[in-house]
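In our numbering, the protein residues as written are 2 to 647. Glycine included, each C-beta is placed from N, C-alpha and C at the ideal position. Just so you know, these numbers come straight off a predicted model, no measurement behind them. Reviewing the structure listed below.
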């Protein structure tokens, strides 16, 4: 027991010594870091007695650490001797404000240096606690006299600049062009009277909202990006945008912006001068829209000539119409003689909120088509433009309801071979829209092109169907209904190449109806054809995998191509085929083998490689078929092994 207590005491002493050593090392490290600081650092007790000063602090006040340590800051023995009397109360109040909830503070005040000069200092104070009681203060300071002098100089320059700007305002307010001015941070600081008259807003409001506030939503991001880039580069720029006028109209503005600089070359902001270019812009837009109409028609026409796929042509048409008109919904519907429609394709403009409108869209569509007068107009090839009131009247007449709104609709008939094939419908839900002449003309032209595409597509599908029928006839044996010799050769060659790359097995079964010539001689060729067709269909049904191919090889000889099947698997399938055919019990009284029609089968299979060919596989299968016949027929032969009859 005594030994255990001794050990504990020794361990406790060792741990205490290690703790003391660690604390000493941390204190040394802290002291070395603080002493290397170029800023002024000191610590003092709550009673004002200095406990630590770093070399920078001593150097600044031209006193040694021995002269400073122990001095009481509250009694004027230390730096309070150097504080300008007017700032002393501010310093004392700052220290008293520190608490557990507010442990740090920052303060600026003036000091008197050893050479009787007044300098500005900035200090960061931090209270050090034991529990919640302040046991010490730490302060870090630096001289900020140069900064303060710069601020003073700046204030003087600002006053001079203000006087200059007043003269500028007098000149700017008498100018006919719109003028604005910003500071170095991009914030507007001036708008001339012409600008205020244009926007109809007060100077106070414009200064708050900045010159970008009244720009059209679609133009603002571009203007902001260009303006920010110019601010970063301090360079002039030009831009065009739509600006909201006091009467609620957007007018096109051409803005020339140049940087302005202070006398010392420092960037001070921008000056912008604006002129109204709406007339010129409208003329340019008219030309551009006409050019866009021509491009869209050319694109759709070229697509019609390049492609026979109607859906792709319709998709191109809807996408181009959407880009040009920016309508919220566009669709194409096929219409029968009774006025019933079936939508073929639909496009909703991105970011459109059409939850309610889309629900009512089909209802409205039905009402238009069920209106005898409107339907007759469409049949006659007349385009329909319907405003909100007309739409509501149609719905009320048919005892339906349409949500209140301000939508606009234009319906373009698609006439194909002088018959109403369908309609092209463009709808604007969110606001009343006045359809422009070039838009109407474009839609009518597109309708004509779509009619051509529809007719072309119908002819193409007829031709494609005929080609498919011809292709089917080209690879199907007309007598048996299974693949012919041409299909057999093509399929065997393609599978040979594929399996040669994959190094997978390929097998072939050759079948021959035993003594089929005697069957024809006994029952006649028509009955022989019927027998051959029945046997071929039975084999085709027994071969169940989609990749396997049953073909007529020649005369009464049939072949089965079995990809990914080894010779053993092919032999088992051949056995099943022989049994299936025998189970048909087709009478063959002239056969020396059996009273019913039977098959002899030769099987061959291996993995294709560059040293072999499809002809090698056919030759081996044919040799095995010969062996099956030689051994008595009605059997399967694969290599040297005979699959006995069951």
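Item: Please classify residue 491 as buried or exposed, where buried requires at least 16 other C-beta atoms within 10 Å of its C-beta.; Value: exposed
Item: Do the segment 515-532 and the segment 583-596 meet, that is, are 3 or more Cβ pairs less than 8 angstroms apart?; Value: yes
Item: List the endpoints of the continuous beta strand (DSSP E) containing residue 279.; Value: Careful: residue 279 lies outside any beta strand (DSSP E), inside the alpha helix (DSSP H) at 279-307.
Item: Where does residue 121 sit, in a helix, a strand or coil, going by DSSP?; Value: strand
Item: Ignore the nearest five residues each way along the sequence and tell me which others in residue 561's own chain have a CB closer than 6 angstroms to its CB.; Value: 510, 544 and 551
Item: How many Å lie between residue 222 and residue 307 at the Cα?; Value: 39 angstroms
Item: Under the three-state reduction of DSSP, which class applies to residue 128: helix, strand or coil?; Value: strand
Item: If you drop the 5 nearest sequence neighbours on each side, which residues of the same chain put their C-beta closer than 6 angstroms to that of residue 335?; Value: 343, 345 and 423
Item: Would you mind sorting residue 102 into buried or exposed? The rule is 16 or more other CB atoms within 10 Å of its CB.; Value: exposed
Item: Excluding the 5 residues preceding and the 5 following residue 245 in the sequence, name in chain order all residues of the same chain whose CB lies nearer than 6 angstroms to its CB.; Value: 215 and 251
Item: Output needed for residue 46: all residues of its chain with C-beta closer than 7 angstroms, excluding positions within five of it in sequence on either side, in chain order.; Value: 52 and 137
Item: Go ahead and pull the three-state DSSP assignment for residue 605.; Value: strand
Item: Determine the direct distance from the alpha carbon of residue 468 to that of residue 630, and round the result to whole angstroms.; Value: 42 angstroms
Item: Roughly how many angstroms lie between the CA atoms of residue 529 and residue 517, to the nearest whole one?; Value: 8 angstroms
Item: Am I right that residue 301 and residue 433 are in contact with their C-beta atoms under 8 angstroms? What's the rounded C-beta distance?; Value: Contact doesn't hold; Cβ gap of about 28 angstroms is too wide.
Item: Spatial neighbours of residue 236 within its chain, please: CB distance less than 7 angstroms, with the 5 preceding and 5 following residues excluded, ordered by chain position.; Value: 260
Item: Measuring CA to CA, which of 113, 566, 147 and 280 is closest to residue 508?; Value: 566
Item: With a 10 Å radius around its C-beta and 16 neighbouring C-beta atoms as the bar for buried, classify residue 140 as buried or exposed.; Value: buried
Item: Would you say the segment 267-281 touches the segment 160-179, given that touching needs at least three Cβ pairs under 8 angstroms?; Value: yes
Item: Helix, strand or coil, according to DSSP, for residue 341 in the structure here?; Value: coil
Item: When you compare each of 386, 340 and 410 to residue 377 by their alpha carbons, which one comes out closest?; Value: 340
Item: Could you have a look at residue 637 and say whether DSSP puts it in helix, strand or coil?; Value: strand
Item: What is the C-beta distance between residue 85 and residue 111, in whole angstroms, given that I count them as a contact (C-beta under 8 angstroms)?; Value: 4 angstroms
Item: From residue 115 to residue 144, what distance separates their C-alpha atoms?; Value: 14 angstroms
Item: Within 10 angstroms of its Cβ, does residue 556 collect 16 or more other Cβ (buried), or is it exposed?; Value: exposed
Item: State the Cα-Cα distance for the pair residue 181 and residue 146, rounded to the nearest angstrom.; Value: 36 angstroms
Item: State the CB to CB distance for the pair residue 318 and residue 477, rounded to an integer number of angstroms; the pair is presumed to be in contact (CB under 8 angstroms).; Value: The Cβ separation is near 39 angstroms, so there is no contact.
Item: What number of angstroms, rounded off, separates the C-alpha of residue 356 from the C-alpha of residue 348?; Value: With a pLDDT of only 45 at residue 356, under 50, the local geometry of the prediction cannot be trusted, and no value is derived from it.
Item: Look up residue 336 in the DSSP assignment and give the residues it is bridged to.; Value: 342
Item: Given a cut-off of 9 angstroms, decide if residue 626 and residue 603 are closer than it, judged by their beta-carbon atoms.; Value: yes
Item: In the DSSP assignment, what residue or residues form a beta bridge with residue 257?; Value: 239 and 274
Item: So residue 519 packs on residue 480, CB below 8 angstroms; how close in whole Å?; Value: Not confirmed; about 19 angstroms, so no contact.
Item: Taking residue 511 as part of the beta strand (DSSP E), name the residues at either end of that continuous run.; Value: 507-514
Item: Nearest-angstrom Cα distance between residue 536 and residue 636?; Value: 16 angstroms
Item: Examine the Cβ distances between the segment 188-199 and the segment 289-297 and report whether three or more of them are shorter than 8 angstroms.; Value: no
Item: How far does the beta strand (DSSP E) with residue 137 in it extend, from its first residue to its last?; Value: 134-144
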